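One structure below.
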């Protein structure tokens, strides 16, 4: 799920040239937040030991 969020954040940046400047800034901020949350969730998921028996 984290990898999908990171990919989606980067994919959304392809529409930046089509947007006005204020919308570009908002999208960059949202993409940065999405990238950070996706990366952090991937790191946490990789460090979880799983279910103990």
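Residue numbers (our numbering): 22 to 74.
Cβ atoms here follow ideal geometry from the backbone N, Cα and C, with glycine treated the same way.
Just so you know, these numbers come straight off a predicted model, no measurement behind them.
Legend entry - Assigned secondary structure, residue 26 (DSSP; H/G/I helix, E/B strand, else coil): helix
Legend entry - Opening and closing residue of the alpha helix (DSSP H) in which residue 48 lies: 42 to 68
Legend entry - Whole-angstrom distance between residue 51 and residue 32, CA atom to CA atom: 12 Å
Inset, instruction - Establish whether the CB of residue 31 and some CB of chain B are separated by less than 7 Å. - result: No chain B is part of this structure, which consists of one protein chain only.
Legend entry - Whole-number beta carbon distance between residue 23 and residue 2, since they are thought to touch under 8 Å: Nothing can be reported for residue 2, as the shown portion of the chain is limited to 22 through 74.
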